[in-house]
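Peer 1: First the structure, then my questions, so here it is.
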Amino acid sequence: TSFFSSAPRIPKDAIFALTAQYKSDTSPVKVNLGQGAYRDNAALPWILPSVAEARERISNHKLDHEYLPILGLPEFRQAACKLAIGPTKFGSVASRIASCQSLSGTGGLHLAGSLIKACSSLKPQVWIPEPTWSNHHLVFSSLGFECRSFQYYDFERKRIDMNAYKKMLQNAEPHSIVILHACAHNPTGCDPTKDQWQEIGRIMKERQLFPLLDAAYLGFNSGSIDDDAYAIRYFINDLGMEASVSMSFAKNMGLYGERVGCTFVVTQNAEIAENTESVMERLQRSEVSNPPAYGAKIASMILNDAKLTEMWYADLITMCSRIREMRHALYNLLVENGAPGDWTHVTSQSGMFSFLGLPRDIVIKLKEQYHIYMAENSRISLAGLNTSNVAYVAKAISECIR
Ligand code: PLP
């Protein structure tokens, strides 16, 4: 007998499998629009100048490889929470925060889920938008939560389905958890407007629903942290709600592989926060022991040094501007090529992705005949476009759907 002889065969993660297919494609015209990782105009990974500068300072400063504390680098956690809450309100909220450095955004979501399970005997349902980042279901179902989907996107009108959203909020069991993409909704690129966030927030407060904010793209969406943190700050600072926020520095600092994240919860008072943080520490001890140090040191140096923070803000603008230029170029070229249909959603969406709305057979045709790789649901990472390939991509899409 063996523990493993009846292990099921799980298919590979679709996006990572697509990247592997792309890598083994020998065509010189191939384009990877699958994985959501920033690329510069030469299709290369980009090391942010602020990160390069922080790296240099760290290595000149006797970089050692000691363990971090179990909860992570204290000055990084503090600076990350302050970034999310905003400098003006941070002072009044800080004592009610329990925070922990996490294994990027994914580890942070997992930690938030584990924390709720460890602290409460309630067995809340987790409401997840449809569509969403595919890992949401995996993270919360692997923790034993009952995951429920609600219709987030109106596929026909290519915008948020607020009626379905509100209906879910009105009918969800009290104390349910609602997964909220803080900004740059993946995959649709459609975020609630400020008015819509207020509506969502008010209903959630009234119905005692718990906001679990996935903040994977702060500053990467609009180029402004303040704009991108609107929802977080509305729930916490304006509505005074308990909430959990899982921040990732993968995209906004380009620290993908370094696994830099911070998860925090805002509780009702300082004593509850201290207790909650002690539970986080225990959970972290059993799963991670000590979070990775190098990326957290880089992020901390950037967030705690005024000059580096300014450099980072400029880097965010560089990334957002290039992505925005690619949105507009793709839109203009689709129209110029006479691609049938209305493409205004390409420019009205925001964030790293465009949710094109192509049928699956077209997505397959683009891959097989044109060597253009995108997620099956026709989500494209705009970072995969550049001035050398956007015309080819627009022409290929136009030809395929004509
Ligand atoms: N949440 C969303 C919506 C994402 O798109 C991603 C990454 O693609 C993440 C969380 C987490 O990413 P990471 O674990 O690399 O920080």
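According to UniProt numbering, the stretch in the sequence shown is residues 2 to 403, in order. In this text, a Cβ means the ideal position worked out from N, Cα and C, and glycines have one as well. Here the structure is a predicted model, which means the values were calculated and not measured.
What would DSSP say about Ile11, mapped onto helix, strand or coil?
Peer 2: Within the sequence shown, the letter at position 10 stands for residue 11. In the structure shown, Ile11 sits in coil (DSSP, three-state: anything other than H, G, I, E or B).
Peer 1: DSSP three-state label for Cys120, please.
Peer 2: Locating residue 120 in the sequence shown gives position 119, where the first residue counts as 1. Three-state result, Cys120: helix.
Peer 1: Can you tell me where the beta strand (DSSP E) with Pro130 in it begins and where it stops?
Peer 2: As a position in the sequence shown, residue 130 is number 129, starting the count at 1. 126 to 131 is the span of the beta strand (DSSP E), which, as asked, contains Pro130.
Peer 1: According to DSSP, simplified to helix, strand and coil, what is Tyr68?
Peer 2: In the sequence shown, residue 68 corresponds to position 67, counting from 1. Reduced to three states, the DSSP call for Tyr68 is coil.
Peer 1: Assuming Arg97 and Gln209 form a contact by the criterion Cβ under 8 Å, report the distance between their Cβ atoms to the nearest whole angstrom.
Peer 2: Locating residue 97 in the sequence shown gives position 96, counting from the first residue. Locating residue 209 in the sequence shown gives position 208, counting from the first residue. Going by Cβ atoms, the distance from Arg97 to Gln209 rounds to 18 Å, so no, they are not a contact pair.
Peer 1: Which runs of the beta strand (DSSP E) at least 3 residues long sit entirely within the segment 255 to 335? Give them in chain order.
Peer 2: Entirely contained in the segment 255 to 335, the beta strand (DSSP E) runs reaching 3 residues are, in chain order, 261 to 267.
Peer 1: Between Val138 and the ligand PLP, is the CB less than 7 Å from at least one heavy atom?
Peer 2: Here residue 138 is taken as the residue at index 137 of the sequence shown, counted from 1. Correcting the residue type first, residue 138 is His in the shown sequence and not Val. Answer for His138: no, Cβ out of range of the ligand PLP.
Peer 1: Kindly indicate the opening and closing residues of the beta strand (DSSP E) around Met242.
Peer 2: Position 241 of the sequence shown, counted from the first residue, corresponds to residue 242. Met242 -> no beta strand (DSSP E), and no H or E assigned at all.
Peer 1: The beta strand (DSSP E) spanning Ile98 covers which residue range?
Peer 2: Taking the first residue of the sequence shown as position 1, residue 98 is located at position 97. First-last of the beta strand (DSSP E) with Ile98: 98 to 104.
Peer 1: From which residue to which residue does the alpha helix (DSSP H) around Ile226 run?
Peer 2: In the sequence shown, residue 226 corresponds to position 225, counting from 1. 226 to 229 is the span of the alpha helix (DSSP H), which, as asked, contains Ile226.
Peer 1: Would you kindly report the start and end of the unbroken alpha helix (DSSP H) that includes Gln152?
Peer 2: Working through the sequence shown from its first residue, we reach residue 152 at position 151. Where Gln152 is concerned, there is no enclosing alpha helix (DSSP H), although the beta strand (DSSP E) it sits in stretches over 147 to 152.
Peer 1: State yes or no: is the C-beta of Tyr332 within less than 8 Å of the C-beta of Val347?
Peer 2: For the purposes of this step, residue 332 is taken as residue 331 along the sequence shown, with counting starting at 1. For the purposes of this step, residue 347 is taken as residue 346 along the sequence shown, with counting starting at 1. Their beta carbons are under 8 Å apart, which means Tyr332 touches Val347 by this criterion.
Peer 1: Taking the beta carbon of Asp65 as the centre, do at least 16 other beta carbons fall within 10 Å, making it buried, or is it exposed?
Peer 2: Position 64 of the sequence shown, counted from the start, is the residue given in the question as residue 65. It is exposed - the Cβ of Asp65 has fewer than 16 other Cβ atoms within 10 Å.
Peer 1: Which runs of the beta strand (DSSP E) at least 3 residues long sit entirely within the segment 160 to 194? Give them in chain order.
Peer 2: DSSP runs (the beta strand (DSSP E)) wholly in the segment 160 to 194: 178 to 182.
Peer 1: Let me know if Ser121 comes out buried or exposed under the rule of 16 or more other beta-carbons within 10 Å of its beta-carbon.
Peer 2: In the sequence shown, the residue the question calls residue 121 occupies position 120. So Ser121 ends up on the exposed side.
Peer 1: Once DSSP output is grouped into helix, strand and coil, what is the label at Ser249?
Peer 2: Position 248 of the sequence shown, counted from the start, is the residue given in the question as residue 249. Strand.
Peer 1: Per DSSP, what are the beta-bridge partners of Arg380 in this structure?
Peer 2: If you number the sequence shown from 1, residue 380 lands on position 379. BP columns for Arg380 point to Phe356.
Peer 1: In three-state DSSP terms, what is Val30?
Peer 2: Residue 30 sits at position 29 when you count from the first residue of the sequence shown. Residue state, collapsed to three classes: coil.
Peer 1: Pro12: buried (16+ other C-beta within 10 angstroms of its C-beta) or exposed?
Peer 2: Translated into the one-based positions of the sequence shown, residue 12 becomes position 11. Looking at its Cβ environment, which holds fewer than 16 other Cβ atoms inside 10 Å, Pro12 is exposed.
Peer 1: Let's see if you can read the secondary structure: which residues bound the alpha helix (DSSP H) around Leu139?
Peer 2: The residue labelled residue 139 in the question sits at position 138 within the sequence shown. Segment 136 to 143, the alpha helix (DSSP H) holding Leu139.
Peer 1: What do you get for Arg286, buried or exposed, if any count of 16 or more other CB atoms within 10 angstroms of its CB means buried?
Peer 2: By one-based count along the sequence shown, residue 286 stands at place 285. Exposed is the call here.
Peer 1: Let's see if you can read the secondary structure: which residues bound the beta strand (DSSP E) around Phe211?
Peer 2: As a working note, residue 211 is residue 210 in the sequence shown. Phe211 -> beta strand (DSSP E) spans 211 to 216.
Peer 1: What do you get for Glu259, buried or exposed, if any count of 16 or more other CB atoms within 10 angstroms of its CB means buried?
Peer 2: As a working note, residue 259 is residue 258 in the sequence shown. Classification of Glu259: buried, given that the 10 Å Cβ count is 16 or more.
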